[in-house]
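Asks: Line order of the protein sequences matches chains A and B.
Oh and the first sequence: position 55 is 55 in full-length UniProt numbering, straight run, nothing missing.
Oh and the second sequence: position 141 is 141 in full-length UniProt numbering, straight run, nothing missing.
Sharing a structure below in structure tokens format, with a few things to ask.
There are 2 protein chains.
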Amino acid sequence: MTAYSPRLGRLIEALRRLPGVGPKSAQRMALHLLQRDREGAEYLARALGEALSGIERCPRTRMFCEPAHCGFCSASRAKAGQLCVVENPADLIAIENSTPYRGRYFVLGGRLSPLDGIGPEALGLDLLAEQLADGTVQELIIATNPTVEGEATAHYIAELARARNVKVTRIAHGVPMGGELEYVDGGTLSHAFAGRQLL
Amino acid sequence: MTAYSPRLGRLIEALRRLPGVGPKSAQRMALHLLQRDREGAEYLARALGEALSGIERCPRTRMFCEPAHCGFCSASRAKAGQLCVVENPADLIAIENSTPYRGRYFVLGGRLSPLDGIGPEALGLDLLAEQLADGTVQELIIATNPTVEGEATAHYIAELARARNVKVTRIAHGVPMGGELEYVDGGTLSHAFAGRQLL
Chain A
1 MTAYSPRLGR LIEALRRLPG VGPKSAQRMA LHLLQRDREG AEYLARALGE ALSGIERCPR
61 TRMFCEPAHC GFCSASRAKA GQLCVVENPA DLIAIENSTP YRGRYFVLGG RLSPLDGIGP
121 EALGLDLLAE QLADGTVQEL IIATNPTVEG EATAHYIAEL ARARNVKVTR IAHGVPMGGE
181 LEYVDGGTLS HAFAGRQLL
Chain B
1 MTAYSPRLGR LIEALRRLPG VGPKSAQRMA LHLLQRDREG AEYLARALGE ALSGIERCPR
61 TRMFCEPAHC GFCSASRAKA GQLCVVENPA DLIAIENSTP YRGRYFVLGG RLSPLDGIGP
121 EALGLDLLAE QLADGTVQEL IIATNPTVEG EATAHYIAEL ARARNVKVTR IAHGVPMGGE
181 LEYVDGGTLS HAFAGRQLL
């Protein structure tokens with residue numbers, strides 16, 4: 001027998017669908033909302049509804065956007081002639097928040113992984129190829145993650161761009177800023193050494 | 001400038017009102033719901049709405065309950081003649097889930113703390129006194145937390161019960177099961193030693 005009433009049980013179950021939330025945290029969140037922040041619960045319910053009804057995938061960048069306010073397709077961004085390819089929306093947000101880059105983006109929504117059935121179509125690479133072919137892109141910046149699949153995806157996309165005479169660059173990988181050589185893993189250090197640059 | 005569109009920004013802000021959720025987790029949750037679990041987002045919005053409209057505080061136990069389904073006020077629970085006082089709804093749920101106790105409860109919703117302006121009225125102690133006076137309670141079990149304020153609250157409630165000739169008990173405090181004496185704090189160990197029982 002559980003001590004939860006039906007609606008409380010359902011609220012806890014619903015909160016558990018959030019990533020990183022287990023049964024204890026979900027119970028704590030539900031009781032907190034009911035006990036101390038009913039207004040917050042209303043706000044959250046409303047924000048979820050608004051997000052579901054108003055946020056779509058942009059057909060061009062494949063980022064989440066609101067039709068009336070897509071900040072990533074603007075003419076000023078297109079003018080730069082640069083297109084940055086990332087795996088996920090969170091990667092786009094990280095780049096936008098930490099770098100001065102203000103060109104266009106393309107969100108793959110994953111990486112090539114034939115074993116999981118994720119091929120070029122699932123990542124919208126036909127759409128990317130079209131954009132590379134229309135002559136507006138001078139530089140394609142590949143910012144996929146430096147994992148095995150991310151590297152394979154980067155290689156595949158680089159071939160797409162070269163076939164259309166677009167310059168391709170890849171963000172640098174090496175020792176992270178503030179890191180200490182002693183504690184950096186061997187693969188990263190070897191990569192950083194091989195990729196040394198003239199000062 | 002932030003990379004969030006207005007609705008995405010509001011969803012992240014709303015998720016941050018959940019306890020233990022910072023800006024990074026809130027962003028992760030929002031993107032997860034939009035990207036991989038729109039159904040879960042709908043379910044959560046619905047569950048929040050249902051909880052807000054259907055969950056009330058029981059006027060008798062002060063626990064969250066649904067008028068059509070209050071599991072804590074039933075006649076069978078009243079028959080036991082026992083009333084357990086806890087600080088918070090989460091404490092009630094913990095007792096209900098881990099112990100065979102199936103008597104009645106009273107949820108204070110806090111503890112006496114004059115400095116924060118929390119007096120007997122805020123904890124509903126007048127309501128508790130009424131229930132103690134109506135002759136249905138043979139034993140009052142005090143399960144407030146063993147903190148300074150929790151102990152003070154327990155003391156105050158014990159006086160209330162004694163004045164109405166109701167037997168008062170307090171849940172045992174001592175070395176936790178599976179704990180090792182070596183690592184238990186001094187206060188707990190001293191309490192456990194003083195409270196030794198005949199085998």
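For each residue, glycine too, the CB sits at the ideal point set by N, CA and C.
Taking three-plus beta-carbon pairs below 8 angstroms as touching, is the segment 70-84 of chain B in contact with the segment 132-152 of chain B?
Replies: Enough Cβ pairs lie closer than 8 angstroms, so yes.
Asks: Assign residue 64/B to one of three DSSP states: helix, strand, or coil.
Replies: Residue 64/B: strand per DSSP, three-state reduction.
Asks: Does the count of Cβ pairs from the segment 182-198 of chain A and the segment 162-170 of chain A closer than 8 angstroms reach three?
Replies: With the cut-off at 8 angstroms, the segment 182-198 of chain A and the segment 162-170 of chain A do not touch.
Asks: If you draw a straight line from the alpha carbon of residue 96/B to that of residue 86/B, how long is it in whole angstroms?
Replies: Answer to the nearest angstrom: the Cα atoms are 11 angstroms apart.
Asks: Does the Cβ of residue 1/A have 16 or more other Cβ atoms within 10 Å, making it buried, or fewer, making it exposed?
Replies: At residue 1/A the pLDDT is 48, less than 50, meaning the model places this residue with poor confidence and gives no usable figure here.
Asks: Closer than 8 angstroms, Cβ to any Cβ of chain B: which residues of the segment 6-17 of chain A, in chain order?
Replies: Under the 8 angstroms Cβ criterion, the segment 6-17 of chain A contributes 6, 7, 8, 10, 11, 13, 14, 15 and 17.
Asks: Cα-Cα, which of 76/A, 116/A and 109/A is closest to residue 101/A?
Replies: The shortest C-alpha separation from residue 101/A is found at 76/A.
Asks: Does the distance from the CB of residue 42/A to the CB of residue 52/B come in under 8 angstroms?
Replies: In this structure, residue 52/B lies closer than 8 angstroms to residue 42/A by Cβ.
Asks: Identify the residues that DSSP records as bridge partners of residue 106/B: which are they?
Replies: For residue 106/B, which the question treats as bridged, DSSP gives the partners 85/B.
Asks: How about residue 162/B and residue 106/B: do their beta carbons lie closer than 8 angstroms?
Replies: No. Outside cutoff.
Asks: When you check each C-beta in the segment 45-79 of chain A against every C-beta of chain B, which residues fall closer than 7 angstroms?
Replies: Flagged, chain order: 45, 47, 48, 49, 50, 51, 52, 54, 55, 64, 65, 66, 69 and 71.
Asks: Which chain B residues are close to residue 37/A, counting only those with a beta carbon under 8 angstroms from its beta carbon?
Replies: Those within 8 angstroms of residue 37/A in chain B are 17.
Asks: What does the alpha-carbon distance come out to for the pair residue 180/A and residue 196/A?
Replies: In a straight line, the C-alpha of residue 180/A is about 17 angstroms away from that of residue 196/A.
Asks: Who are the neighbours of residue 27/B on chain A, taking C-beta pairs under 9 angstroms?
Replies: By Cβ distance, chain A contributes 90 and 93.
Asks: Within 10 angstroms of the Cβ of residue 14/B, are there 16 or more other Cβ atoms? Answer buried if so, exposed if not.
Replies: Its Cβ being crowded by 16 or more others within 10 Å, residue 14/B is buried.
Asks: Which residues in the same chain have their Cβ closer than 8 angstroms to the Cβ of residue 174/B, if we skip the five residues on either side of it in sequence?
Replies: Answer for residue 174/B: 188, 191, 192 and 195, listed in chain order.
Asks: Do you know how far the Cα of residue 121/B is from the Cα of residue 114/B?
Replies: Their Cα atoms are separated by approximately 11 angstroms.
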